[in-house]
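In this note's numbering, the protein residues as written are 6 to 968.
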Amino acid sequence: MTDTTTALEPLVARLAKTAPGLRVETGPGSTGLYAYDASNYRVPPRAVVFPRTADDVVAVLRACREAGVPVTARGGGTSMAGNAVGPGVVLDFSRYMNRILDIDPAAGTARVEAGVILDALRGAAAPHGLTFGPDPSSHSRCTLGGMIGNDACGNRSVRHGRTSGHIEALEIVTADGVRAVADRTGLRAADPNDEHAVERVARLEADVHRLIEDNLAPIRTELGRVPRQVSGYQLHHLLPEHGFDMARALVGTEGSCAVVTAATVRLVATAQASTLLTLGYDDVVDAADDVPEILRWNPTAVEGMDEAIVATMRARRGADSVTGLPEGRAWLYVELDGDDQDAVGARAAELLDVLKARGRMTGGRVVRSPAERRALWRVREDGAGLAARLVDGGESWPGWEDAAVAPENLAAYLRDFRKLLAGHHLTGVLYGHFGAGCVHVRIDFDLATADGRESARRFLSEAAALVVGHGGTLSGEHGDGRARSELLEVMYSHRLIRAFAAFKEIFDPEGLLNPGVIVAPARLDADLWLHTPDVLPVETLFSFPHDEDGFAGAVRRCVGVGRCRSEAGGVMCPSYRATGEENDSTRGRSRLLQEMVRGELVEDGWRSTEVRDALDLCLSCKACSSDCPVGVDMATYKSEFLHHHYKGRLRPRSHYSLGWLPLTSALVGYVARPVNALLRGPVGKLLARLGGVTTKRRIPAFASRHALRRALRSSRTSEPAKTVLFVDSFTRAFRPEVAGSASRVLAGAGIPCTTEDGLCCGLTWVSTGQLSIARRIMARTVARLDNGDDRPIVVAEPSCAAALKRDVPELLGTDAAQRVAARVHTLTGALTDLAAAGWTPPELPDKVVLQTHCHEYATFKGRHPRDLLGRLGVTKVDEAEGCCGLAGNFGFEAQHYDTSMAVADLALKPRLDGIGQDTPTVVVADGFSCATQIDHLAGDRGIRALHLAELLDPAADQPGGTS
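Shown next, in the form of C-alpha cells:
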C-alpha cells in the first residue's frame, strides 16, 4: 500500500479531473473533526470528501485504489466502536447524499440515499401511517447508511429486530469502483449494459458462492444463534436455505466490503395505540430477571437503565426533567401497543399486577401523559452521553458497551459481569435493550496511562470470554469496529475467521475499505484518543470548576454522541441547523478544541485560525450546556479562546463597538435624543460599518438617563422590599419601561423590590472574549451586591441573569461571587418560587407566541416562561423552540447577519409569519436581543414583543401584539 502522505496530492488532482466540483478538504480544520466518532479512537484522515452522487463515490474509489489510499464511509459519525474513522479518505454521506428518493405506500417501501437521517425518513413516512422499524437512540442524527453498516437495532428491537431484516436492496460501489445492486437473491450490475461491470459482478458472485459452499458447517453452527448477533460477517444469509440474500449479508459489514450509496428499505405500520409502563427495581439484575415474563406480553420495547443516568439527568437539566419513575435504583421501560387504547391500557394494568405478584419490583406505574412519556424516553435516549460524564464528575468510556445474550440468559450474565467489573476494580453504568438481551455499559477505564490501557485490555479479553460462555455475542448493534474486532477470535473458530477474511478479499482484494475493522483487525488499544501528550499550556481565566483538568477536561466532555447534529428538539445547535456543516456543530468545535490541546494537527494553540474559524458561527447561546448530554458549554470555551487568541493583538471592530456597549450606552444616555436622530441617518450607517455592525438592521433607540427614573417612579410602594431588582445595562439603555413593569409585577406578587442600578454583569465583554475587563466589571458588581443582604436578586434581562448566575462565579472564583449567584433569579423564576400564595395576575390572553431566551433555557432549569404562563391561565403557548438568531452581538455583526437570519427561519420566523393581521396575538420575549429580532422580522406588520413583566403589569392596558 502506498504511503498516504505521498499519495494525497495526485489523488486530489485526479479527483479534480474525474469529479469536477467534488468537495475535497485536506486541512486540519476538517481532518481534525473527522479523526473521531463516538468511540475511544482517534484516527486522523488525510482528506474528507463530501460526495453528491453515486458517480462521485465511483470516482473516489477508483482514484483511491490507484493511489493505494484507504476509504472509510461515514454517516452521522455516531459509531461507538470506531467504525467511522480511518487513515485515508473519509466519505461523509450525511452532508449532501441525504435525499429520500421514493416512498411507495402501497408496497410499504422507501428508497433512500445513504446519508438520510432516520428521523427524516420517519417523518416522510408518517403521513402514510408507516415508519422504519429499527430506532436507535441516535435516531435524530444517525443515517440509514450508518445503520446498515452496523446492522443497528434500537429501543423497539424486541418487535422490529435489526436493520438487516428491513433491507430489500442495497446500491453499492465496490472497492474498484463498480456500481452494483445487492438484493434478496444475489448481486447484479447496476447498469446491465456495462459489460465490464456485469463481468466483474458475475465473477464476484461466483467467488462468494464457492466460499459459502466450502464453509457450510461453521456458518450454520456459529452464526445466527442469538437475536442480536451482529459480530463478524453475517454469512448465514447466503446459505442455500436463505436464498443467497446478498443484501442482508452486506448489512453489518461496516463499510469493509463495499460502500453503500442508497438502499430500498421495508417500512412497517405505525401503532394505532400505545402505552408505557415504568417499573422500579433495587438493581438491574432484578430487572433482568423479570424480562422473560415481560416478553410473553409481546411488548414493543423493554429498556433498562440504572440510577446513575437518572441522577445525572436531574443534575444537568433540573429535578423536573425526570418524572414518572417509581422508587428504585434501576428501571425498566415497557411499551405495549395495539389497535385500541383502552385494550392496551387494560393489558398494561394486567401486566403490572403480574409483575407485582412476582415480587421483584419496588414499584410500577402506567405513564399516561404523552409529554411525560417523551421526557422519559429522552432520558433513555441520552444514556450514552449522560453516562459519559456523571453528576459526580466521573468519566466513563465505551469499548464493552454492546454485548448481548439471549434474553433468558441476561440476568445470569449480568451477575457474572458485575463480578468481573468488581474483580478489576472498575465501575460500569448500565443501560440498554434488556428485552433483546443487549447491555450497553460505559466503564471507568483509565485509557490515559499505559498501565490503565493494559488493564483495560485484560478486562476486555475476560469480558469477551464471559459473554461467549453465556452463549452471547461481543456486539449487539454497534458493530465490532476497532473496539472488538481483535476479540472475534474468542467468539468464532479459526475456520470461520478465515471465511470472513476470504469474503472481504473477494470484495476488497487490496484491503482499502475501512482497514483495521473485522478482518486483519487493529489492536483494540491502538489509536486511543485519550493517549495524548500535554502540549498546550491551559492556564485559563474561567475556573471550569466542574472539570478536574480545567479547560482540557472541559473540552474533553464531548465524546461524539452528536445530539448537537439533531435538526429538531431542544435548542442546540442553531449554527449547525442553519449550515449543516460539522465544523458548525458543538461536536465539531469540541473536537477541534481537543486537537488544539493535543497540539498535533492543530499546531499553533490559542492562535489557531482553524479553531477561530470553527468558533466564528457559534452564537454563544449556551443551549449546549443544557441540551448536550455531557454538558459541553461552547459559549464559555469560545470566550476563553477569544481571550487568548486576541491577547495583545488588535481585535475585530465589533468587539469594541458591541463589546463595550454597556459603557457607551451609559454615555449616550446623556445625549440620547440627538444621537438617535444621528443614527437614523447616513451617519448611522457609516458608524455601523466602521464598527463592524451590519447596516441591514435598525440600531435600537437609546433611552435617556432620565427614562429609568420616570419608569420606576410609578412603581414605588410603601411596603418593605423583599427582593432586589437588578437593572441591567440593556434594560437601562433600551427599554427602561420593563424595569417599571417588573417592579409593579413584583409588588403585586407580594415580593416588592428595591432597585440596584449602575452595575453591569459583564456579559458583552465575556461574549467577545475580553475576560480581563469582564472580571474587573464583575468584581465591582459583586462587591456592591455582596453587602450582607440575602434578599433574592431579580434580573429582567435573562442573559444578564445567566451571566450573574454562572459566568460571574466561574470567572471570579470567590465565595462572594458564589453568594451573589445563589441569590439570582429571572423574573420567571422569582414569580415561580417566591410569589405570594394566591397571587393572580391581570387577565391574560388565551394564546401567546413565546420566544424563550437561550440563556434562560440553559441556565435556569425548570423555570421556563412557558410553564409559568400555563400555570397563570394561558391555554395555548406557541413556543418557538430554538434560538432567535440575534444572540446578543452575533446578529449585529456584519459577517454574521445571514446566519442570524437563517437561524431565525428555523423556528421564530414561522411563528411570526403565522400571526394574521386580523387576529391580534401577544408575542412574549424577555430577552432584549429576542425582542429586537422580532421587531426586525415583523415590526413592519405592527408586531411588537412584550416582556413578561409588561404582559403581567397590573398598570398596563390589555396587551396585544399587533396593531
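Backbone N, C-alpha and C define an ideal beta-carbon position, used for all residues, glycine too.
Predicted model, so just to flag it, every value in this text is computed and none were measured.
| Item | Value |
| --- | --- |
| Rounded straight-line distance, which links the Cα of Gly867 to that of Leu836 | 13 Å |
| Where the alpha helix (DSSP H) containing Thr864 begins and where it ends | 859-864 |
| Helix, strand or coil at Ala527 [DSSP, three-state] | coil |
| Three or more C-beta pairs below 8 Å linking the segment 605-621 and the segment 295-312 | no |
| Burial state of Leu209 (16 or more Cβ within 10 Å) | buried |
| Test item: CB-CB of Thr786 and Leu663 under 9 Å | no |
| Buried versus exposed, by CB contacts within 10 Å (16 or more), Glu204 | exposed |
| DSSP three-state assignment for Ala693, whether helix, strand or coil | helix |
| Neighbourhood of Arg333 by C-beta, 6 Å cutoff - its chain only, sequence neighbours within 5 removed | Residue identity check: residue 333 is Gly in the sequence provided, not Arg. Closer than 6 Å at the Cβ level, and outside the excluded window around Gly333, lie Gly285, Tyr286, Thr367. |
| Cα-Cα separation between Asp342 and Ala506, rounded to whole angstroms | 43 Å |
| 4 or more residues per run - each alpha helix (DSSP H) lying fully within the segment 29-91 | 33-36, 59-72 |
| Range covered by the alpha helix (DSSP H) that runs through Gln938 | 933-943 |
| Helix, strand or coil at Arg570 [DSSP, three-state] | helix |
| Element boundaries [alpha helix (DSSP H), containing Leu518] | That residue, Leu518, is in no alpha helix (DSSP H); it is neither H nor E in DSSP. |
| Best match in Ala376, Ser84, Ala960, Thr819 for proximity to Leu149 [C-alpha to C-alpha] | Ser84 |
| Residue interval of the beta strand (DSSP E) (run including Phe137) | Taken as a continuous stretch (DSSP letters only), Phe137 belongs to no beta strand (DSSP E), as it is neither H nor E. |
| Spatial neighbours of Gly486 in its chain, beta-carbon cut-off 7 Å, leaving aside the 5 residues before and after | Ser44, Ser84, Ala86, Gly87, Asn88, Glu259, Val522 |
| Helix, strand or coil at Pro25 according to DSSP, with G and I counted as helix | coil |
| Cβ-based neighbour list, Gly257, same chain, cut-off 6 Å, excluding 5 preceding and 5 following | Asp156, Val235, Gln239 |
| Boundaries (first-last residue) of the alpha helix (DSSP H) holding Tyr436 | It is not in any alpha helix (DSSP H) - Tyr436 instead sits in the beta strand (DSSP E) that spans 433-438. |
| One or two residues paired with Ser279 in a DSSP bridge | Asp342 |
| Closest residue to Arg271 among Thr114, Asp851, Asn160, Ser490 (Cα-Cα distance) | Thr114 |
| Minimum Cβ-Cβ distance from Glu386 to chain B less than 9 Å | Chain labels in this structure do not include chain B; a single protein chain is all it has. |
| With 16 other Cβ atoms within 10 Å as the buried cut-off, status of Val688 | exposed |
| Alpha helix (DSSP H) segment containing Met310, residue limits | First-last for Met310: 306-311, but that is the beta strand (DSSP E), not the alpha helix (DSSP H). |
| Gly159 - partner residues in DSSP beta bridges | Asp140 |
| Reference Val472, options Gly887, Gly73, Leu492, closest by Cα | Leu492 |
| Rounded separation between Thr967 and Leu684 - CA only | The pLDDT assigned to Thr967 is 40, lower than 50, so where the model puts this residue is not dependable; a value taken from the coordinates is nonetheless given after this. In a straight line, the C-alpha of Thr967 is about 26 Å away from that of Leu684. |
| Exposure of Pro725, with buried meaning 16 or more beta-carbon neighbours within 10 Å | exposed |
| Rounded separation between Leu647 and Thr831 - CA only | 28 Å |
| Nearest to Ala68 (by Cα), restricted to the options Phe55, Leu16, Trp534 | Leu16 |
| Endpoints, beta strand (DSSP E) assigned at Lys881 | 881-884 |
| Residue range of the unbroken beta strand (DSSP E) whose run includes Arg193 | 191-194 |
| Complete alpha helix (DSSP H) runs within the segment 640-684 (minimum length 4 residues, chain order) | 658-662, 666-673, 677-684 |
| Alpha carbon of Tyr581 to alpha carbon of Arg718, nearest angstrom | 46 Å |
| Gly966 - DSSP class collapsed to helix/strand/coil | Residue placement at Gly966 cannot be trusted, given a pLDDT of 42 that sits under 50; what the coordinates show is reported in the next sentence. Coil, per DSSP. |
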